[in-house]
Structures are given as structure tokens and as C-alpha cells.
Amino acid sequence: MTPDNLTPEAASGATAPEQRQDESSGLKGLTPKAKKQRLDRLAELAAVHADEKGRSLWAEAFRRVRKNPAAVIGAIVLLLFVLVAIIGPFLVPYSPTSTAWADQVKEGQNIIPGPSSEHWFGLDHNGRDEFSRVIVGARQTLLVGVVATSLGLLVGCLLGGLAGSAYALGGRRGRQVDNAIMRVVDMLLAMPSLLLAVSVAALLGPSLITVMIAVGVISVPVFARLLRGSMIAQGHAEYVTAATALGVRRGRIALGHVLPNSLAPVLVQATLTLATAIIEAAALSFLGLGNPDPAVPEWGVMLTDALTRLEVAPRLTIYPAVGIIITAFGFTLLGEAMREALDPKLRK
Amino acid sequence: MALLEVEDLGVTFHADRDVRAVDGVSFAVDAGKVVGLVGESGCGKSVTSLALIGLLPNQNTKRVRVDGSAKFDGLDLLRADRRTLRDIRGREIAMIFQDPLSSLNPVVPIGVQVAEVLIRHRGIGKHEAERRSAELLDRVGIPDPRRRLKEYPHQLSGGMRQRALIAMAVACRPRLLIADEPTTALDVTIQAQILELLKELVREDGTALIMITHDLGVVAGLCDSVNVLYAGRVVESAGRHELFAHPTHPYTVGLLNSIPRLDALRGEELTPIRGSVRDVLAWSAGCAFAPRCDRAIETCLTGPPSLEGTNHSFRCVNPEVVP
Ligand SMILES: Nc1ncnc2c1ncn2[C@@H]1O[C@H](COP(=O)(O)OP(=O)(O)O)[C@@H](O)[C@H]1O
Ligand code: SF4
Ligand SMILES: [Mg+2]
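Just so you know, the protein sequences line up as chains A and B, in that order. At position 299 of the first sequence the residue is numbered 414 (our numbering), and the sequence of numbers has no breaks. At position 70 of the second sequence the residue is numbered 94 (our numbering), and the sequence of numbers has no breaks.
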């Protein structure tokens, strides 16, 4: 990665590990100002919409992504993860909820049986097959990540699209609508994301839906600011002038022309957000705000349960943690490669 | 009465310093006629045409002042309200831009872009619009129009893209077409084809055309009358034959001498106008062309020369020939 990849803030004062953390989780750990700068840069890219040969931005970016080994690795990791999440539960050797081997666990004597040929990852503290639980947990994790990101994407794009259209349609009323929406969005963006998520989750009470909503809420301002910026950048494009010169209505230009051209950066951000969503969902579950139902294994909850038995069976923390790390890593690799492919400044 | 009568059109951009990009330009376009606006890059051609249809960036705000009048069929375009203008654009007046690639939306199929103009102004359904779009593509010489309708701009060649844009512009048979350097971005061989197409279309439909170009060669084959612009003002205006037979303003003569000619003797050199458009004088101080003019005399710097003559007018105190 080129030094350009770092925001000015990150590049100057920060130490190396902090930089790494910034990159691995998209926007996490950035100051609100740096967050905005990064989003705005991504939004600007919507305006660079074709190269000299006339290939579309999409085709060009796709070609570049395919040549990037990091992107390919990310894509493969994700593909495996999605496969496991979808078909894994049908293939697991045992039911993830069966406590058929509970008699082998003697917590009083600190005995939780480890890996064996019957139980590849061993048993958990309730005597359930850990391997089956990890595999089935992948589905929950994917579900939370995808639903939360979709929620944030939907609401964020509605807000951002509304603000962007209002701005593009112009007039004093348009600017007012845009201003009002963006003031709220920037306020949300300035809040530390985990604090926001915990507040939302505390309001709603612990459940899987709570985690999805809480994690979705924190990505709302990200998508809103991105789409709005992207639409405004597109608004100056020549095809907008050309369509206006033929009398095409402003609403139609905003929705039929500007919006579809503004989506590339949003797509990139969605990939990056999936990574953070998975981490944040795990964090909320870990804090006890997730699904309390033990029948549905989830990596974050498994991690919490395992942590109280860290001395007895440290391996029980490793499985879900590695699962979370690998998945988030896959989304981040692919997302960063896509961002790089879109941004001429980041190309090597 | 002329179809379009532009009277004293002026455009001032209020930025760090004020830029008077167009300064008292007057010309008329009769129904079915082709009028050329000619001049080097930066002389105010695009600003003139955009001002006419109300599409200058920030037009009607404090940052841009537009004065004068532009009567289209009696309606002053510069003072028309937004709604009226929006109905006129595309239906009565249509515009073709220089760069066909960036003028088309890269992620919307060609067919949708053509059809939306028809749907907007003709109030027809999607299906009917698609049928007519295919006819239009056929009319502008795009082979296999049914298939092309579904393609995206990057799948078409430069010439085909410009044809598609022309199809969009003539879709509603406007009475006036404004073409802003429609061939500049194209290969030479394609340029001739596109000019031929434009000529044919306006003749068949009886459309008036404002042809904007920096190339007097384009004007020679197409225009009925010509206005030569320099630094935002008309410096010479005449019928095509008159202009080519008796070029009067030293700038026009300079432009003519810099056109490559097929009948030129081998080894004969083109004589480009010396200096560049950046060497302009403010019109208030004298003739803006004086820093580049071989015929400049002292009187040229005593004040702005006025436009003389009626059928063949020119703005010069020491012209080459007096018409
Ligand atoms: N938005 C603007 N703000 C300030 N100056 C402008 C703007 N648009 C054009 N100009 C100036 O107006 C002059 C004429 O530009 P233009 O009409 O585009 O020239 P051309 O004849 O090449 O089409 C140029 O000198 C340009 O710098
Ligand atoms: S007025 Fe003078 S400087 Fe201007 S074009 Fe005529 S001769 Fe040249
Ligand atoms: Mg121009």
C-alpha cells in the first residue's frame, strides 16, 4: 500500500500498530474529521467515471481488482466463509445443541475434553460438540453482518440519497433539506461507534435483532455521507448538463442518472462495513447484549462463554476468535482492494 | 422575424476577479438556416450557447450576470422562467456537445437515454418510445439499431456515440439545434461523416442550426452565415460567400490562412496567427486583437473599435479590404 492510503492524521502522529488497526477495520479508530475526509475522498471517486479508452469505471475497477492478489485472497476467504455458513449446518457431524457428552465434562475438576477423532474441536463446557457449534455459528455471524450492513445501507442510502437529490435539485428548499439531514448525520458520525451501538442495544434489550439494529445504526451515517458526497460529485458531470439540455426532468436525472453512477463507492464501503459489522456484532454479544438463547450458537456469545473458562480450556476462545478474525480479514482485504482499484491516487 | 434574435448578449462571471466572457454579442438565426459561431478556444462560444438555454453553471445566481436579450420566437430565453425553459429544452431547442463520451451516461443503456427524451416531451409509453428510438438510431446511420439500443456508451465507437447524441437531439424535431464543436473530439474521417449527417438532418427537418467551431473549414461546407468571435465580441459577421470572398478583419484573415488547403502548393507553409488567445487586451483599452495584429496602428489603442457595416460588419479601424 502506498503512503497515500493513510489519512493525514494517521500518517503523522500515529504509531504503526494504530495504523494497522485503522486499516483493518475501515473507519474504526479514526477521528471524526479523518473519517469524514476518508469518506469524502471515496465519494469524489464517483466523478471519475471513465478512462481514456471509454471503458466504464466498473469494468476498469473489476479488471484491476482481479489482478490484485490481496483481493483474490479476500474473495476466496469470503467465498469459503459463505459456503460454510450456508451449507455447513447440513454437513456438521452432530447437532450443535446436543449435550449428549455432558457426562464427560467435569467442571468441578476442571475437565473439558479436548480434540479427538470424534470431536475435532473437542467439547464445550456444556458437553456439546465444539466443531459443530463453530460451523453453525458462522451462519449466525454472517446473518448478523449481512442484515446489519443491509440495514445501515438501506437507511443510510435513503438519507444520503434524499440529501444528495435535494442538493442536486437545488433551490433554497433543497439546500435546507440537505443541511438538516447532514447535520444529524455528521453528529452521528462524530460519536464513537461502539458507544452508539451499546446505547442502542441497551435501549432495546439483549437479542439477536438488537445486535443487528445496533450495528446497523452505526453504519447509517457512513453510508449517508458517502452517497450524498458521491451524488454531489456526479452532479457536475457533463452527462447531467447534456440530459438537462434535452429537458429531462430533474427528479429523473437525480434518480435515473446520478444515483446509479454514485453507487460504486457505496459498494466498496459496504464490503468494508461487513468486516466491522461482524467484529462489532461479536463485541456486543461479548458484552452480553447479544442473543441469550444458547440453542443458537454465535461466535461472540461463544467467546464470552469461553472466556470465563480461559484457564481450563483456552482453545475454546481460539476457535470463535479465529473465525471472527479470518472473516473480517477477508472482507477488509477485498474492500480495501476495491477502494484502491477505484482510486487513481492509490494505484501503484 | 428571425427564429432566434440575440441582442447584446453579455455574460460576466463574478469570481476572484470579474471575467467578462461574452461582451455584447448580437446575431440572428432564421428558421432553417445554419449560422456559424467561429473563434479560437476561449473566445466565449460555449458560454454564449449555454447562456442561451440557461445552462451556465450558477446561471441566475449572483455569481453569474447575463445581460441583453435572446428572443426565440418572441420569447426572451434569458428571462423565461425555469419551467418554460425546461419544456423548451429538447423539444424546441436541442444541444449537441463536444465530447460524446462524457455527454452520455456511462451506466445507462443508449436506448434508455434516447427514449427518455421522447417520453419526456412526447408523453408516449415506454414501448412506443423504444420503437421510435430504434427508428431514430437508424435515421442517424447507426447500423443494427435494435441491438445498439441495449448497449452502453463504452461499447460504441466515438463516431457512433456522437450519432447517438445527435439522435437524442433531433428526437423531438426541435426548431433550433445548437452544436458546440460536435466534431472536435473525433477522427478526421469521422468528422466529415458527422458534418454530412448534420447537414442532411437539418435540411430534411427544416431545423435551424447554430454551428459552433474553431474551424473555418467546417463553416465553409455548412453555414449560411458566419459570426467570428474574438475575446467575447463579434469581430466580423457576414454571409458565407461574402466572408470567404472578402475577409475583412485581420483575425478572420489569420484564421483563413491557418486552414490547411488541399490545393496549396507543396512546401507552401501555413501561417498561423502569432501569439495566443492569452495575449488579449481589455476591449475597454482598445482592440483586443492588437497584441497579435500585423496591421495594428496607433488608433487601434485609443478605444474599442465599433462594429461597422450592416450586411457585412466588422470591428476594425484598419481592415484588410473595405467590403
Ligand atoms: N464558470 C466560469 N467561470 C469563470 N470563467 C469562465 C467560466 N466558464 C468560462 N469562463 C471563461 O469564459 C471564457 C470563454 O469560455 P468558453 O465559452 O468555454 O470558450 P470557447 O469559445 O472555447 O467555448 C474563457 O476565457 C473562460 O475562462
Ligand atoms: S483594430 Fe487594429 S489591432 Fe484591431 S484588428 Fe483592426 S487593425 Fe488589428
Ligand atoms: Mg467550447
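Positions of the beta carbon are idealized from the N, C-alpha and C atoms, including for glycine.
Query: B/F338: CB within 6 Å of a non-hydrogen atom of ligand 2; Result: no
Query: For B/Q300, the three-state DSSP class (helix, strand or coil); Result: It should be noted that the sequence gives Ser, not Gln, for residue 300 of chain B. In this structure, B/S300 counts as coil in the three-state DSSP scheme.
Query: Closest by C-alpha distance to B/G56, when choosing among B/M184, B/L28, B/R170; Result: B/L28
Query: Under 7 Å between C-beta atoms of A/G344 and A/A158; Result: yes
Query: Where A/Y354 meets chain B, residues with beta-carbon distance less than 8 Å; Result: S126, S127, L128, N129, P130
Query: Chain A contacts made by the region 70–95 of chain B, where a contact means CB separation under 7 Å; Result: I77, L79
Query: B/Y176 in three-state terms, based on DSSP; Result: coil
Query: Buried/exposed call for A/R254, threshold 16 Cβ in 10 Å; Result: buried
Query: Residues of the region 381–405 of chain A with Cβ closer than 7 Å to any Cβ of chain B, in chain order; Result: none
Query: Whole-angstrom distance between A/E413 and A/A398, CA atom to CA atom; Result: 11 Å
Query: Proximal residues of chain A, C-beta to C-beta of B/R159 below 7 Å; Result: Note that residue 159 of chain B is Glu in the sequence shown, not Arg. In chain order: nothing, as chain A lies at least about 18 Å away.
Query: Euclidean distance between Cα positions of B/V164 and A/V363; Result: 21 Å
Query: Distance between A/P307 and A/L145 (C-alpha atoms, nearest Å); Result: 9 Å
Query: Assigned exposure category for A/T388 - 16 Cβ within 10 Å defines buried; Result: buried
Query: Beta strand (DSSP E) segment containing B/R41, residue limits; Result: Taken as a continuous stretch (DSSP letters only), B/R41 belongs to no beta strand (DSSP E), as it is neither H nor E.
Query: Local Cβ density within 10 Å of A/L206, reported as buried at 16 or more and exposed below that; Result: exposed
Query: Minimum Cβ-Cβ distance from A/V326 to chain B less than 7 Å; Result: no
Query: Contact set for A/G169: own chain, Cβ-Cβ below 6 Å, skip 5 residues either direction; Result: Legend: pLDDT at A/G169 = 48, less than 50; position of this residue unreliable, no value from coordinates given.
Query: Chain A residues whose Cβ lies nearer than 8 Å to that of B/G114; Result: A360, L361, G362, V363
Query: Below-7 Å beta-carbon distance, B/F121 vs any chain A residue; Result: yes
Query: Between the CA atoms of B/Y176 and B/S249 - distance to the nearest angstrom; Result: 37 Å
Query: Cβ-based contacts, 8 Å cut-off: residues of the region 292–325 of chain A near chain B; Result: none
Query: DSSP three-state assignment for B/Y254, whether helix, strand or coil; Result: strand
Query: B/S73: CB within 6 Å of a non-hydrogen atom of ligand 3; Result: no
Query: Check: A/P147 C-beta below 6 Å from any heavy atom of ligand 2; Result: no
Query: Residues of the region 134–145 of chain B whose Cβ lies closer than 7 Å to any Cβ of chain A, in chain order; Result: E140, V141, R144, H145
Query: Contacts of A/P375 in chain B (Cβ-Cβ under 9 Å); Result: N129, V131, V132
Query: Through-space distance from A/L318 to A/L309, alpha-carbon basis; Result: 14 Å
Query: Rounded C-alpha distance that separates A/R156 from B/E140; Result: 32 Å
Query: Backbone secondary structure at B/L27 - three-state DSSP; Result: coil
Query: Span of the beta strand (DSSP E) around B/S93; Result: 88–96
Query: Beta-carbon gap between B/V43 and B/L233 smaller than 7 Å; Result: no
Query: Cβ-heavy atom distance, B/K69 to ligand 3, below 6 Å; Result: yes
Query: For A/D458 and B/R339, the rounded distance between their alpha carbons; Result: 50 Å
Query: For A/V335 and A/D137, the rounded distance between their alpha carbons; Result: The pLDDT assigned to A/D137 is 38, lower than 50, so where the model puts this residue is not dependable; a value taken from the coordinates is nonetheless given after this. Going by the C-alpha atoms only, they are around 19 Å apart.
Query: Cβ distance (whole Å) where A/A186 is taken to contact A/A436 below 8 Å; Result: Not quite, the Cβ-Cβ distance comes to about 25 Å (not below 8 Å), so this is no contact.
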